[in-house]
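Position one of the sequence shown corresponds to residue -14 (our numbering), numbered consecutively onward.
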Amino acid sequence: MLSSDSTFQTWTVTVVNSATPFTETDILTFVPDVGSDVNIDSATHQITFDALITSEFLVTPEFTLSQGATSTPVSGEEINLTDGTQEYSVTAEDGTTQQDWTVTVNDLRPANDLCSNAITVNVSDIVTGNTTFATSDESIAPDCGSNNTGLGVWYRLVGTGETITLNTCSPNSFSDTSLSLFTGSCSEGLICVAGNEDAGILGECGGSGFQARLGFNSEAGVEYLVLVDGFSGSIGEFELTITSAPTPELPANDDCETAETLTVFKEGEGIPVNGNNTCLLYTSPSPRD
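Right under this line is the structure:
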């Protein structure tokens, strides 16, 4: 620096940063690339959002933090939420203050979306359900009777030895329900017992008769698996009513092994043979409507 008498003097200027580093460890915004209804709770350090969890549920969220804070994982990094949760560690600008956050996905799928999670029901139950967020069961359940397997939910029912009726014919059911009934195992293979796509009763089973109803002669103690779905991807809320009544005596020739012998006569001769198949048992794996 030059003085008035033309002499020089060297000065050193030191800038001191007196600001205290921030200690906040908040996640301020959180935007996943799938899902909806994100909720950030700063008091409990919890973030939740709704989504359909798939077999490998990978999400790439973008988020913002408190000023100067960093996180692990970082914003924009892909995370695996197949198990429904992910932990984040947020470090404040001061480098020492840390806070753990938990991200949780609320799975929109019904609790009984999978065959293995079938809900146990009993005769005389009236069950309400919803297939809106159900996933396809085509990989595990074969087409059954008149029903082509779609998006459905599962129930478990033990036979009583009586004729059981499964009925979705209700104003509380969506317009095109379907029903399939199986024995067997979710893991080792299902065997079709009966299936119905349209009961065909106008007014009683929906305005067009497109709601489903089926009856079957149950075997006491046998476990059955019931799939409620809809025609051609139809979905919605439904009401399933389960009733039973004593099974009338079966015909003597109900089983293949007890087939009645028929005699062939010349045309115009012989005596007609009368029969009745009203209460026949379903023979697996051949489907019946």
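Each residue gets a CB set at the ideal place from its N, CA and C atoms; glycine is no exception. Quantities reported herein were computed from a predicted structural model and do not represent experimental measurements.
Worksheet item: Excluding five sequence neighbours on each side, which residues of the same chain lie with their C-beta closer than 6 Å to the C-beta of T(-5)?
Response: none
Practice prompt. Measuring alpha carbon to alpha carbon, tell me which of T29, A28, V88 and E41 ends up nearest T57.
Written response: V88
Fill in: Burial state of T268 (16 or more Cβ within 10 Å)
With a pLDDT of only 42 at T268, under the threshold of 50, the placement of this residue in the model should not be trusted; the figure read from the coordinates follows. Exposed: under 16 other Cβ atoms inside 10 Å.
Discussion item. Quick check on the burial criterion: 16 or more other C-beta atoms within 10 angstroms. Buried or exposed for E62?
Written reply: exposed
Fill in: Distance between R94 and Q52 (C-alpha atoms, nearest Å)
37 Å
Discussion item. Taking the beta strand (DSSP E) that T49 belongs to, which residues open and close that run?
Written reply: E47 to L50
Worksheet item: Three-state secondary structure (DSSP) at E157?
Response: The residue you asked about is not Glu; residue 157 is Asn in the sequence shown. In this structure, N157 counts as coil in the three-state DSSP scheme.
Worksheet item: What residues match up with S170 in a beta bridge as DSSP calls it?
Response: G174
Worksheet item: Between the C-alpha atoms of S74 and T39, what's the straight-line distance to the nearest angstrom?
Response: 25 Å
Worksheet item: According to DSSP, is E78 helix, strand or coil?
Response: coil
Discussion item. For I149, report the span of its beta strand (DSSP E) as first-last.
Written reply: T148 to N152
Discussion item. According to DSSP, simplified to helix, strand and coil, what is T243?
Written reply: helix
Worksheet item: Out of curiosity, what's the CA-to-CA distance linking G80 and S172?
Response: 51 Å
Practice prompt. Please classify A77: is it buried, with 16 or more other beta-carbons within 10 angstroms of its beta-carbon, or exposed?
Written response: buried
Worksheet item: Between the beta-carbon of S109 and the beta-carbon of T228, is there less than 9 Å?
Response: yes
Worksheet item: For L164 versus V213, is the C-beta distance shorter than 9 Å?
Response: yes
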